[in-house]
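Structure first, then comments.
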Amino acid sequence: MADPRFFKKASSFSLKEIAGISGCEIFPSGKADVIVDDVAPLHMANENSLSFLDNIKYKDDFKVTKAGACFVSPELVEFAPENVVCLVTKTPYKAYALAAQAFYPRPVKAQNIESSAVIHESSVIGEGTYVGHNVVIGENVTIGENCSIGANTYIDDGVIIGDNCTFDGPCSVSHAIVGDDVRLYPGVRVGQDGFGFAIDPAGHVKVPQLGRVKIGNHVEIGSNTTIDRGAGPDTEIGDGTWIDNLVQIGHNVRIGRGC
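So the sequence shown is residues 6 to 264, counted in the working numbering.
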């Protein structure tokens with residue numbers, strides 16, 4: 006169960022509401038008005054908890070769980086204890102994810118520009134966007150609506166950022182065009198020089214990296230990941246792609262959709 010010092014719960018929900026959020030069927034159907042007030046693993050759940058069974062190796066935990074309700078696939082409903090209301094779906098883990106998002110939505114900061122932020126007068130900040138402490142935004146930057154730019158982030162000249170983006174500071178972004186609903190976790194570096202050079206007996210000769218980074222919509226980029234700008238063509242990250250922590254994306258790399 007989530008520690009309330011770090012995670013703020015939005016509300017309790019009826020199973021009818023949960024079924025609407027997750028697209029499940031309630032079994033038995035007469036239990037739609039049952040209230041659950043949190044999510045929990047099978048072995049930690051109580052009568053007010055909502056849990057899930059996605060992997061058959063946890064079937065024994067399911068048989069003895071104290072959960073009030075549980076997401077479960079149709080073929081495993083027969084193993085449910087009498088006390089458990091089943092939320093039946095072919096995708097229990099996805100259904101749990103949607104429910105957990107409802108219980109614990111991502112915090113949204115109110116529109117504000119902190120007094121310590123430095124923003125060039127030529128840049129445009131969209132409505133509903135929060136700009137944190139010590140953020141530096143260069144010339145001719147465009148940031149869309151309802152974004153959150155975390156403390157100590159640096160956004161270089163000319164960068165374009167879409168709507169509903171979250172940059173957890175400190176990040177740095179340069180030479181980049183960023184789509185909508187993009188999240189950068191702490192320490193992400195986008196748009197720095199690619200590792201390009203010509204070899205010569207007198208020493209390496211730097212090749213100017215003249216491309217950009219293009220990031221599509223609904224992309225997540227994990228902490229301390231780096232994405233080099235292209236050498237001439239662009240480095241591209243396709244729509245819906247998620248990149249984990251500590252990943253290096255070299256110059257000219259093209260990653261497609263949903264990777």
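We treat Cβ as the ideally placed atom computed from N, Cα and C, and that holds for glycine. Please read these numbers as outputs of a predicted model, since none were measured by experiment.
The stretch 177-186 touching the stretch 159-169, judged by at least three CB pairs closer than 8 Å: Taking a contact to require three or more Cβ pairs closer than 8 Å, the stretch 177-186 and the stretch 159-169 qualify as touching.
In chain order, what residues of the same chain lie with their CB nearer than 7 Å to the CB of Val82, ignoring the 5 residues before and after it? Locating residue 82 in the sequence shown gives position 77, where the first residue counts as 1. Short of 7 Å from the beta carbon of Val82, and not among the five residues preceding or following it, lie these beta carbons of its own chain, in chain order: Phe32, Cys91, Val93.
Beta-carbon proximity of Lys219 to Asp239, cut-off 8 Å: The residue you call residue 219 lines up with position 214 of the sequence shown. The residue you call residue 239 lines up with position 234 of the sequence shown. Yes, these two residues count as a Cβ contact at 8 Å.
Starting from Ile204 and walking both ways along the alpha helix (DSSP H), at which residues does that stretch end? Within the sequence shown, the letter at position 199 stands for residue 204. In the DSSP annotation of this structure, Ile204 is not part of any alpha helix (DSSP H), being labelled neither H nor E.
Can you tell me the Cα-Cα spacing of Ile124 and Met6, whole angstroms? Along the sequence shown, read from residue 1 onward, the residue named residue 124 stands at position 119. Along the sequence shown, read from residue 1 onward, the residue named residue 6 stands at position 1. When rounded, the distance between both Cα atoms is 41 Å.
Tell me the residue span of the alpha helix (DSSP H) that contains Lys99. The count along the sequence shown starts at 1 and reaches residue 99 at position 94. Residue range 97-108 is occupied by the alpha helix (DSSP H) that includes Lys99.
Would you say the stretch 22-30 touches the stretch 114-128, given that touching needs at least three Cβ pairs under 8 Å? Contact between the stretch 22-30 and the stretch 114-128 is absent, because fewer than three Cβ pairs lie under 8 Å.
Leaving out the 5 sequence neighbours to the left and right, which residues in its chain are closer than 6 Å to Glu225 when beta-carbon positions are compared? One-based indexing of the sequence shown puts residue 225 at position 220. For Glu225, where only same-chain residues beyond five positions count, the Cβ hits under 6 Å are Arg188, Trp247.
At the level of alpha carbons, what is the spacing between Leu295 and Pro175? Residue coverage of the chain in this structure runs from 6 to 264, which leaves residue 295 outside it and unanswerable.
In the DSSP assignment, the alpha helix (DSSP H) including Phe32 goes from what residue to what residue? For this step, residue 32 is matched to residue 27 along the sequence shown. Element bounds for Phe32: not the alpha helix (DSSP H) but the beta strand (DSSP E), 30-32.
Asn88 versus Phe57, Glu52, Gln253, Val195, residue with shortest Cα-Cα distance: Position 83 of the sequence shown, counted from the first residue, corresponds to residue 88. If we check each option's Cα against that of Asn88, Glu52 comes out closest.
In the DSSP assignment, find the alpha helix (DSSP H) that holds Val69 and state where it starts and stops. In the sequence shown, residue 69 corresponds to position 64, counting from 1. Here the alpha helix (DSSP H) through Val69 covers 64-69.
Can you grab the Cα-Cα spacing for the pair Val77 / Pro97, in whole Å? By 1-based counting over the sequence shown, the position of residue 77 is 72. By 1-based counting over the sequence shown, the position of residue 97 is 92. Distance between Val77 and Pro97, taken at the CA atoms: about 5 Å.
Environment of Arg266 [buried if 16+ CB atoms lie within 10 Å]: No answer is possible for residue 266: it lies beyond the span of the chain, which begins at 6 and ends at 264.
Check whether Phe200 and Lys211 have beta carbons under 8 Å apart: Along the sequence shown, read from residue 1 onward, the residue named residue 200 stands at position 195. Along the sequence shown, read from residue 1 onward, the residue named residue 211 stands at position 206. Cβ distance not < 8 Å, so Phe200 and Lys211 don't count as in contact.
List the endpoints of the continuous alpha helix (DSSP H) containing Lys219. By 1-based counting over the sequence shown, the position of residue 219 is 214. From DSSP, Lys219 is part of no alpha helix (DSSP H) but of the beta strand (DSSP E) over 218-220.
Endpoints, the alpha helix (DSSP H) within which Ile26 is located: Working through the sequence shown from its first residue, we reach residue 26 at position 21. 20-27 is the span of the alpha helix (DSSP H), which, as asked, contains Ile26.
When DSSP builds the beta bridges, which residues end up paired with Glu225? On the sequence shown, position 220 is the one that residue 225 refers to. Beta-bridge pairing links Glu225 to Arg188, Trp247.
Tell me whether the beta-carbon of Pro86 lies closer than 8 Å to the beta-carbon of Val69. Taking the first residue of the sequence shown as 1, we reach residue 86 at position 81. Taking the first residue of the sequence shown as 1, we reach residue 69 at position 64. For Pro86 and Val69, yes; Cβs fall inside 8 Å.
I'd like to know if Gly149 contacts chain B, where contact means its C-beta is closer than 8 Å to some C-beta of that chain. Going by chain labels, chain B is absent from the structure shown, which holds only one protein chain.
Sub-8 Å separation of Glu132 and Glu119 beta-carbons: Looking up residue 132 in the sequence shown gives position 127. Looking up residue 119 in the sequence shown gives position 114. Cβ atoms of Glu132 and Glu119: not closer than 8 Å.
Would you call Asn169 buried or exposed, if buried means 16 or more other Cβ atoms sit within 10 Å of its Cβ? For the purposes of this step, residue 169 is identified with residue 164 of the sequence shown, where counting begins at 1. Buried: at least 16 other Cβ atoms inside 10 Å.
Among the candidates Val195, Ser54, Asn139, whose CA atom is the shortest distance from the CA of Cys75? Numbered from its first residue, the sequence shown carries residue 75 at position 70. Checking every option, the nearest Cα to that of Cys75 belongs to Ser54.
Please determine whether the Cβ atom of Ser127 lies at a distance below 7 Å from any heavy atom of the ligand GDP. The model depicted lacks the ligand GDP and carries no ligand whatsoever.
Based on the DSSP output, what are the partners of Gln253 in its beta bridges? Position 248 of the sequence shown, counting from 1, holds the residue named residue 253. Answer is Thr231, bridged to Gln253.
Below 8 Å on the Cβ atoms is my contact criterion, and I expect Asp173 with Gly155 to pass it. Report the Cβ-Cβ distance as a whole number of Å. By one-based count along the sequence shown, residue 173 stands at place 168. By one-based count along the sequence shown, residue 155 stands at place 150. At roughly 5 Å, the Cβ-Cβ gap stays under 8 Å, so Asp173 and Gly155 are in contact.
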